[in-house]
Amino acid sequence: MNSLTYNILQLTVMILVAPLINGIIRKVKAFTQKRKGAPLLQMYFDLFKLIKKNTVVSETSSWIFKAAPYVVITTALGAGLMVPSVTLVAPSGFMGDIILLVYLLALGRFFMMLAGLDTGSTFGGMGSSREAMISALMEPSILITLFTAGLAAGTTSIGGIMTKVKEMPAPLTQPVFIMFFLATLIIIIAETSRIPVDDPSTHLELTMVHEAMILEYSGRHLAMMELGASVKQLVFITLLVNICLPLDQLITISGIGAIVLSLLLYLVKVSAAAVLIAIIEVNTVKFRFFSVPNLAALSFILAFIGFLEYFVLWR
Amino acid sequence: MGFLLWLIPVISVPVFGIVKNRKVLHAVSLIVSAAMLPIVGFATLDVLNGGVLEYDGLGGMFYLDPLSVIILDIVLIIGFFAAIFSVSYIEEELKHGKIAEGKVNLYYMLMYIFMFTMVLALSVRNMGVMWIAIEATTLASAFLVGFYNDKQAIEATWKYVIICSVGIAIAMLGIIFLHMSSSGSISGSQLLNWTALYGNADKLNGPVLRLAFIFILIGFGTKAGLAPMHTWLPDAHSQAPSPISALLSGVLLNSAMYAIIRTVSIVNRNQGGSLFTGRILIAAGMLSIITAAIFILTQKDYKRLLAYSSIEHMGIIAVAIGLFTPAAVFGALFHMINHSFTKSMLFLSSGSVLQKYGTREISRIKGLLKALPVTGTVFFLGLFAIAGTPPFSVFASEFNILAAIFEGRNYLLGSVLAVLLAVIFAGIASVLFRIFWRTSGESGVHGASGVHGVPEVAGVPGVHGVSDVRGESGVSADLPDAGEGSVKPGEVNIPGAVIIVVLLAVTLVTGFFMPAGLRELLENARQIIIGG
Amino acid sequence: MDNYNQVLSVLILLTSFMLMANKRIKSYIGTFRLQSALIALTAGIMGIRAAMAEGSIDVLVVSIIIIALKVIYIPNLLHKTFSGVEYKVEKDFFLNIPLLILICCGLVVFSYFSVSRVAGGSDGIMNAEVVNSISLVLIGLFFMISRRKAIGQIVGFLVIENGIFITAMFSTNGMPFIVDIGVFIDIITAVLIMGIIVFKINEKFDSIDINKLKNLRG
Numbered sequence: 268m269n270s271l272t273y274n275i276l277q278l279t280v281m282i283l284v285a286p287l288i289n290g291i292i293r294k295v296k297a298f299t300q301k302r303k304g305a306p307l308l309q310m311y312f313d314l315f316k317l318i319k320k321n322t323v324v325s326e327t328s329s330w331i332f333k334a335a336p337y338v339v340i341t342t343a344l345g346a347g348l349m350v351p352s353v354t355l356v357a358p359s360g361f362m363g364d365i366i367l368l369v370y371l372l373a374l375g376r377f378f379m380m381l382a383g384l385d386t387g388s389t390f391g392g393m394g395s396s397r398e399a400m401i402s403a404l405m406e407p408s409i410l411i412t413l414f415t416a417g418l419a420a421g422t423t424s425i426g427g428i429m430t431k432v433k434e435m436p437a438p439l440t441q442p443v444f445i446m447f448f449l450a451t452l453i454i455i456i457a458e459t460s461r462i463p464v465d466d467p468s469t470h471l472e473l474t475m476v477h478e479a480m481i482l483e484y485s486g487r488h489l490a491m492m493e494l495g496a497s498v499k500q501l502v503f504i505t506l507l508v509n510i511c512l513p514l515d516q517l518i519t520i521s522g523i524g525a526i527v528l529s530l531l532l533y534l535v536k537v538s539a540a541a542v543l544i545a546i547i548e549v550n551t552v553k554f555r556f557f558s559v560p561n562l563a564a565l566s567f568i569l570a571f572i573g574f575l576e577y578f579v580l581w582r
Numbered sequence: 015m016g017f018l019l020w021l022i023p024v025i026s027v028p029v030f031g032i033v034k035n036r037k038v039l040h041a042v043s044l045i046v047s048a049a050m051l052p053i054v055g056f057a058t059l060d061v062l063n064g065g066v067l068e069y070d071g072l073g074g075m076f077y078l079d080p081l082s083v084i085i086l087d088i089v090l091i092i093g094f095f096a097a098i099f100s101v102s103y104i105e106e107e108l109k110h111g112k113i114a115e116g117k118v119n120l121y122y123m124l125m126y127i128f129m130f131t132m133v134l135a136l137s138v139r140n141m142g143v144m145w146i147a148i149e150a151t152t153l154a155s156a157f158l159v160g161f162y163n164d165k166q167a168i169e170a171t172w173k174y175v176i177i178c179s180v181g182i183a184i185a186m187l188g189i190i191f192l193h194m195s196s197s198g199s200i201s202g203s204q205l206l207n208w209t210a211l212y213g214n215a216d217k218l219n220g221p222v223l224r225l226a227f228i229f230i231l232i233g234f235g236t237k238a239g240l241a242p243m244h245t246w247l248p249d250a251h252s253q254a255p256s257p258i259s260a261l262l263s264g265v266l267l268n269s270a271m272y273a274i275i276r277t278v279s280i281v282n283r284n285q286g287g288s289l290f291t292g293r294i295l296i297a298a299g300m301l302s303i304i305t306a307a308i309f310i311l312t313q314k315d316y317k318r319l320l321a322y323s324s325i326e327h328m329g330i331i332a333v334a335i336g337l338f339t340p341a342a343v344f345g346a347l348f349h350m351i352n353h354s355f356t357k358s359m360l361f362l363s364s365g366s367v368l369q370k371y372g373t374r375e376i377s378r379i380k381g382l383l384k385a386l387p388v389t390g391t392v393f394f395l396g397l398f399a400i401a402g403t404p405p406f407s408v409f410a411s412e413f414n415i416l417a418a419i420f421e422g423r424n425y426l427l428g429s430v431l432a433v434l435l436a437v438i439f440a441g442i443a444s445v446l447f448r449i450f451w452r453t454s455g456e457s458g459v460h461g462a463s464g465v466h467g468v469p470e471v472a473g474v475p476g477v478h479g480v481s482d483v484r485g486e487s488g489v490s491a492d493l494p495d496a497g498e499g500s501v502k503p504g505e506v507n508i509p510g511a512v513i514i515v516v517l518l519a520v521t522l523v524t525g526f527f528m529p530a531g532l533r534e535l536l537e538n539a540r541q542i543i544i545g546g
Numbered sequence: 030m031d032n033y034n035q036v037l038s039v040l041i042l043l044t045s046f047m048l049m050a051n052k053r054i055k056s057y058i059g060t061f062r063l064q065s066a067l068i069a070l071t072a073g074i075m076g077i078r079a080a081m082a083e084g085s086i087d088v089l090v091v092s093i094i095i096i097a098l099k100v101i102y103i104p105n106l107l108h109k110t111f112s113g114v115e116y117k118v119e120k121d122f123f124l125n126i127p128l129l130i131l132i133c134c135g136l137v138v139f140s141y142f143s144v145s146r147v148a149g150g151s152d153g154i155m156n157a158e159v160v161n162s163i164s165l166v167l168i169g170l171f172f173m174i175s176r177r178k179a180i181g182q183i184v185g186f187l188v189i190e191n192g193i194f195i196t197a198m199f200s201t202n203g204m205p206f207i208v209d210i211g212v213f214i215d216i217i218t219a220v221l222i223m224g225i226i227v228f229k230i231n232e233k234f235d236s237i238d239i240n241k242l243k244n245l246r247g
């Protein structure tokens, strides 16, 4: 498979699956609250509707406000290209690397924060400042988590890590990957504005972080922002499942059938991860904002212990 | 026969729990502690003749060699003296209502559990069991330290239990590493047996053994009162009832030091020299001596002064063990004996002083020689003895150790040690002057100021003056003749006074003359430690 | 699963971090219970293996004792002590939690380097489990330093004991049986005595804040 088809496939998977994850999480949450909840595909409908609508742009805002959604969606999709959902067909050529991934996402986030500040509304500024703090806290732990996985696999390429992991017997029984799993779970929760850190469904002024930044957006721009956020979420989930739970090596057939099978497996894994995240979200209460450093420290420690275990065990 | 050493105290404990009559309690205590003496005497003779005393029963647990028998003798002799002293001491405390009637049972029960655990620690072959026994000494003596149940005593107990338990836990880690270092070379029922470890010392895993030594030194060093870990010691020794202080200081510290010595001999044999253990032990010992010197110079409480002096002497012993030359080790063992006798004598006499004056503050003790003619004299001479003045035995052993240091050409260490000993002597001497050279007519430094109408014998200030010293335990109100504000001359504890005079005589005699049996025992013990 | 003890040792280490991050005395006790349960599990697996390989049930017995003692009895005792002392929920530590956790992290690094330095690291005896267990001991010590309430100190002491026990398990498959039993008796007595002293401290000082124990100085 050449890299063009691969990239097209990967992009399609990312764009198509990402909203589904949000749908699953919402559905599980609704289920635990004894509600029926919105349909599984609600986010697709929302996105379509938003794309059709007009965009309203504040007169006081600058070009940054208009550019931000494009940057966010581009960086998110760029990051999406680097985390192969199907590891059977390792894409040739450029495969992306941990540091690039982290900083692409950081770039998108940077523009999002700028846009939040740009409109001059109080909420936007508040959301941006909080986002800046959370990201500053989580950055070290993201890096060390990914480096741990990279060290254990002996490469910094994400595709390379995922291929390497397939050769290991059950990564989740290795201390390193247990730590990686737990740390990544915390990172996902913090990075994708999930409950202990932020509440994705709230528009309460005092608590919202992510929602506050995109409060001024409408129409097409909002759709891009939402999609960008959910692709970013999927990027992290893909990292989690494909590193900790590689199942592709079990597929014995080859050809198109293998790829389809692998995609199905991927969907199952991702959905399971979504359910897990939803359960965590249901079972926790939102932290005070100043307790977030504790969470960051916890994920840092998890990653760091994993890092250390690597040195002790596999030196 | 040797098992009787374990059996007698174990049997006596329930007896102390059942008996209600106080006179019977005292009698049982005296009988038990006296009965142990001939047994240990025979054991000592056996060891002198046969080298070791061991039995096949109980998996060969029981084991006495010259090293352990020396310390066992100290334990039981001082235990006997403390038991005699306790009789009048407890009666006196009861008379003044400082302790409740029912607590006498508890006192004797805990005291004999304490004695038993120390005997056990000294007479087992297995290092693990030795650890258990030493940990048990902490637990048995915890409530003895907190026996008066006032604020200070509770505080001292808490510090004692927490610091010592943690310290001992770390020693356990050391024992585990000791066990680990022997994996492969020792197996089956021999695991952790001292004789097996010592016999196969050259086969043990050296690096792991070094790690084990560090942990064991920290752990048992806590219990022995070596410097950075000593903080519990002055509190516990000053708050405990005086006979217990004598046991803690004269006996317990030695038991902990014994565990260190056992480990050192294994490690040195494995490493083929004392370079590794020596540096650490000498550093810890010197630090202890320095710490003790600083606190002795500024001390206001005579029981704490004695406690710090124990830290100093443990430091001296550690330095001597660290040197590991035959003369130094001989000196260290001899010093252990001398320090035990001298220090328990001092703690026992301080008990009488405390009962007479009701205060631990040095500045409030006046006219001691008049108030307590015998105890005062012994206390006076004893302070000289513990400071290392000839003709007492502490001087003899300190001199031995210093001579060994200079003999080994450690001039710097020797001179620093000598200077520190001089500083400590100065500190103790100043206390002596404060206590004895201020006649009863003089007013105290700050004691008299708060007292209305101090009579000519200003021994004890009035009720208000003392109340802060012993907390709210109502001590001051029960002081002898506190109402008249004077201390009547006369001994409080006649048998106790006899005991301390005997102890003084012992320390004086051993200063000049060492019995042949003792010398042989010490030589044998030295050979066990150093080998060859 | 051959590396079960690596995984368990890491999880046990993790519980000590959890303990460090706990704010309330009740959660200390819960975390301690969890840690002891994991240790009992480790000992249980080792015991079953030893029983199958050599027919000795020593380790298995030890693991049952741990369940009875450290998972059930001691935590309940601590709960009783805790509810028996007058004590309002207040801050129990003087550094903030992220800092405490980072210091613990440093302790793990320290134990790793010191153990591998002293014991030669790669000679096969000192492995990851031992490093983790020694870290547990150090974290227990640090926990005692970082908490002000007496019960926190007892929990710290118990964590140290846990660490030592697990060191023994991982390094040498357990101590001689009599030593293990004696250690348990000592621990239970120690905890009982500490509990009684906590009551007494509470009685005399109207608090179990050990920073109030400042009468004896010099």
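Protein sequence lines correspond, in order, to chains L, Z and F. The numbering used here numbers the first residue of the first sequence as 268 and each following residue consecutively. The numbering used here numbers the first residue of the second sequence as 15 and each following residue consecutively. The numbering used here numbers the first residue of the third sequence as 30 and each following residue consecutively. Virtual Cβ for every residue (Gly too), placed ideally from N, Cα, C.
Taken atom to atom, the span from the alpha-carbon of Tyr122 of chain Z to that of Ser259 of chain Z is near 14 Å.
Under the three-state reduction of DSSP output, Val552 of chain L falls in the coil class, being neither helix nor strand.
Taking 8 Å as the upper bound for CB-CB distance, Val133 of chain Z and Leu44 of chain Z are not in contact here, some 18 Å apart. Of all residues in the segment 176-203 of chain Z, only Ile176, Ser179, Val180, Ala183, Met186, Leu187, Ile190, His193, Met194, Ser197 place a beta-carbon less than 7 Å from a beta-carbon of chain F.
Shown here for Leu81 of chain Z: same chain residues with a beta carbon closer than 6 Å to its own, the five before and five after excluded, namely Ala539, Ile542 in chain order.
Here Asp238 of chain F carries a strand assignment [DSSP, helix/strand/coil].
Against chain Z, a Cβ distance below 7 Å from Ser200 of chain F picks out Ile190, Met194.
Sequence-distant Cβ neighbours of Val24 of chain Z in its own chain, meaning closer than 8 Å and more than five residues away, are Phe130. Under the three-state reduction of DSSP, Ile518 of chain L is assigned to coil, being neither helix nor strand.
Each residue's CA atom was taken as its position, placing Met243 of chain Z and Thr209 of chain Z some 29 Å apart. Interface criterion met: the Cβ of Ile572 of chain L is under 9 Å from a Cβ in chain F. In summary, Ala154 of chain Z is buried, with 16 or more beta-carbon neighbours lying within 10 Å of its beta-carbon over all protein chains present.
When the beta-carbon positions are compared, Ala343 of chain L and Gly375 of chain L come within less than 9 Å of each other. Close partners of Leu136 of chain F in chain L (Cβ separation under 8 Å) are lacking, with about 11 Å as the shortest Cβ gap. Contact between Leu165 of chain F and Ile41 of chain F holds: CB atoms are separated by about 6 Å, below the 8 Å threshold. Sequence-distant partners of Asn240 of chain F (beyond 5 residues in either direction) whose C-beta falls short of 6 Å from its own C-beta, in its chain, are Arg177. Note on geometry: alpha-carbon atoms of Met198 of chain F and Ala72 of chain F lie some 7 Å from one another.
With fewer than 16 other Cβ atoms from the protein chains shown falling within 10 Å of its own Cβ, Ser203 of chain Z counts as exposed. Not a single CB atom of chain L sits nearer than 9 Å to the CB of Asn191 of chain F. Remark: C-beta atoms of Ala185 of chain Z and Ile148 of chain Z approach each other more closely than 9 Å. Under the DSSP definition of a beta bridge, Asp315 of chain Z partners with Z:Glu375. Cβ-Cβ distances below 8 Å link Leu187 of chain Z to Phe229, Gly233 in the same chain, with the five nearest sequence neighbours on each side left out; the list follows chain order.
Distances from the alpha-carbon of Val464 of chain L to those of L:Tyr533, L:Thr412, L:Val508, L:Met400 put L:Met400 closest.
For Glu169 of chain Z, the neighbours in chain F by C-beta distance under 7 Å run, in chain order, Leu242, Asn244, Leu245. In this structure Val175 of chain Z touches Ile222 of chain F by the C-beta definition: roughly 6 Å separates them, less than 8 Å.
For the pair Ile275 of chain L and Leu575 of chain L, the Cα-to-Cα distance works out to about 38 Å.
Interface annotation, Glu106 of chain Z: not in contact with chain F, CB-CB separation never under 9 Å.
Put simply, the CB of Glu68 of chain Z is far from chain F, with every gap to its CB atoms at 9 Å or more. Gly396 of chain Z does not reach chain F, its nearest Cβ partner there being about 22 Å away, counting only Cβ pairs nearer than 7 Å. With its beta carbon at least 9 Å from every one in chain F, Asp60 of chain Z lies outside the interface. If you look at Asn269 of chain L, you'll find it isn't in any alpha helix (DSSP H); DSSP assigns it neither H nor E.
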